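Below is one structure, written out as structure tokens; comments come after it.
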Amino acid sequence: MAKNTPLKSVLVTGAARRIGRAIALDLAKAGWTVAVHCNRSRDEAGSVVDEISAMGGKAAVVEADLAVQDAAEGLVAQANDAIGPLSCLVNNASVFEKDTPETATRESWESHMQVNLHAPFQLIQGFIKQRPADVDGNIINLIDQRVWNVTPFFTSYTVSKVALWGLTQNLALALAPSVRVNAIGPGPTLPSIHQTTEQFERQWSAQPLSRPALPEEICRAIQFVLDAPSMTGQMIVLDGGQHLGWAPGSTDEEMAD
3 MAKNTPLKSV LVTGAARRIG RAIALDLAKA GWTVAVHCNR SRDEAGSVVD
53 EISAMGGKAA VVEADLAVQD AAEGLVAQAN DAIGPLSCLV NNASVFEKDT
103 PETATRESWE SHMQVNLHAP FQLIQGFIKQ RPADVDGNII NLIDQRVWNV
153 TPFFTSYTVS KVALWGLTQN LALALAPSVR VNAIGPGPTL PSIHQTTEQF
203 ERQWSAQPLS RPALPEEICR AIQFVLDAPS MTGQMIVLDG GQHLGWAPGS
253 TDEEMAD
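Counted from 1, the sequence shown has number 104 at position 102 by our numbering; the numbering is strictly sequential.
In structure tokens:
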């Protein structure tokens, strides 16, 4: 890919908390201007912006409920108004709710597909429309190691992430050479809403490397993707080897309430 005009401005969805927060702060430390997306976590998002400002960076809060049909369409425009044209989009926001083929409803299915697949695609559509012609673009989708190691649990969530991985590869071809599209596939990183700390510990302990991923590792992987101009259509999996096979003892801990 040719070296074009440098522009370091990024929209990170779901950036008020957890992994998204770590990504936003890390990109700001690397000199990026950050649009910090939130839904209901306005105070937490404001805290992220304050931290970025305190380190001498630039950031702004943008709000949208990605569970609402077509809400994503206005989010890129919000980000443009707040920080200017974007050269990078990090699709991190996600819904992760338990269902099975027996318990899944139309509502649970559509909720996962809307937030985990349709909203990222709409954001990507908005992103490519606003990208300046002389600027190379980057799209990074946060997916899940389970797309390489499908389990029979969390049916709607799993299918939505498998579809997002397929979209990542499709768009890597469709948007080349001016936009690169890649993914990060975390394994257990932070306890989910379905787990206690003890259950989470037992889950990652059952992995081949017997350790969880860290938010800092995910941030370093994103920086690697941004610094690797020949990389597209790839996923970096950070999961302690979990994708190599569902380890004995980990299944019950994932399913715990």
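For glycine and all other residues, C-beta sits at the position ideal for the given N, C-alpha and C.
Quick caveat, the model's predicted, so the values are computed rather than measured.
Tell me the start and end of each unbroken beta strand (DSSP E) in the segment 175-206 that is at least 3 residues and wholly inside, in chain order.
-> Residue ranges of uninterrupted beta strand (DSSP E) with 3 or more members, entirely inside the segment 175-206 and ordered along the chain, are 181-188.
Is the Cβ-Cβ distance between I220 and T199 less than 9 Å?
-> No, Cβ-Cβ distance for I220 and T199 is not below 9 Å.
When the distance is taken between beta carbons, is A26 closer than 9 Å to A62?
-> Not a contact, by the Cβ cut-off of 9 Å.
Own chain residues within Cβ distance below 6 Å of P134, not counting five before or after = If we look at P134 and ignore the five residues flanking it on each side, its Cβ neighbours are P87.
If we call anything under 9 Å between Cβ atoms a contact, is I145 one with A106?
-> No, the Cβ-Cβ distance between I145 and A106 is not below 9 Å.
If A66 and H39 are in contact, beta carbons under 8 Å, what's the gap, nearest whole angstrom?
-> About 7 Å separates the beta carbons of A66 and H39, which is inside the 8 Å limit, making them a contact pair.
To the nearest angstrom, how far is it from the Cα of K131 to the Cα of H196?
-> Cα to Cα, the separation comes out at about 38 Å.
Taking L240 as the reference, which of A230, R19, R213 and T234 has the closest Cα?
-> With distances taken between Cα atoms, L240 lies closest to R213.
Spatial neighbours of H114 in its chain, beta-carbon cut-off 6 Å, leaving aside the 5 residues before and after = For H114, where only same-chain residues beyond five positions count, the Cβ hits under 6 Å are V97, S158, Y159 and S162.
Which runs of the beta strand (DSSP E) fall wholly inside the segment 90-115 and span at least 3 residues, in chain order?
-> With a minimum length of 3 residues, the continuous beta strand (DSSP E) runs that stay inside the segment 90-115 are 90-93.
When DSSP builds the beta bridges, which residues end up paired with I142?
-> Answer by DSSP bridge pairing, in chain order: V92 and N184.
Output yes or no for whether 9 Å exceeds the beta carbon distance between P188 and I54.
-> Not closer than 9 Å, so no.
Under 8 Å by Cβ, that's how I've got N118 and G247 pegged, so tell me the actual separation to the nearest angstrom.
-> Contact doesn't hold; Cβ gap of about 24 Å is too wide.
Name the residue from F129, V183 and A178 whose alpha carbon lies nearest to the alpha carbon of G168.
-> Considering only alpha carbons, the answer is V183.
Taking just the CA atoms, how far does P231 sit from A178?
-> A178 and P231 have their C-alpha atoms some 11 Å from each other.
Where do the ends of the alpha helix (DSSP H) carrying L125 lie?
-> L125 -> alpha helix (DSSP H) spans A121 to Q132.
Assign L211 to one of two classes, buried (16 or more other C-beta atoms within 10 Å of its C-beta) or exposed (fewer than that).
-> In summary, L211 is exposed, with fewer than 16 beta-carbon neighbours lying within 10 Å of its beta-carbon over all protein chains present.
For D254, does the three-state DSSP call read helix, strand or coil?
-> Here D254 scores only 49 on pLDDT, less than 50, and its place in the model should not be relied on; the value that follows carries that caveat. Three-state DSSP puts D254 in a helix.
Tell me which same chain residues have a C-beta within less than 7 Å of the C-beta of P103, skipping the five on either side of it?
-> These residues qualify, in order along the chain: T157.
Whole beta strand (DSSP E) elements within the segment 7-89, 3-residue minimum = Assignment of beta strand (DSSP E) within the segment 7-89, counting only whole runs of 3 or more residues, yields 11-14, 35-40 and 61-65 in chain order.
Rounded to whole angstroms, how far is the Cβ of I224 from the Cβ of I142, which I believe are closer than 8 Å?
-> Taking C-beta atoms under 8 Å as the contact rule, I224 and I142 qualify, at a distance of about 6 Å.
Local Cβ density within 10 Å of P217, reported as buried at 16 or more and exposed below that = A residue is called buried when at least 16 other Cβ atoms come within 10 angstroms of its Cβ; P217 meets this threshold and is buried.
Taking buried to mean at least 16 other C-beta atoms within 10 Å of its own C-beta, is V181 buried or exposed?
-> With 16 or more Cβ atoms within 10 Å of its Cβ, V181 is classed as buried.
In the DSSP assignment, find the alpha helix (DSSP H) that holds L240 and state where it starts and stops.
-> In the DSSP annotation of this structure, L240 is not part of any alpha helix (DSSP H); the continuous beta strand (DSSP E) holding it starts and ends at M237 to L240.
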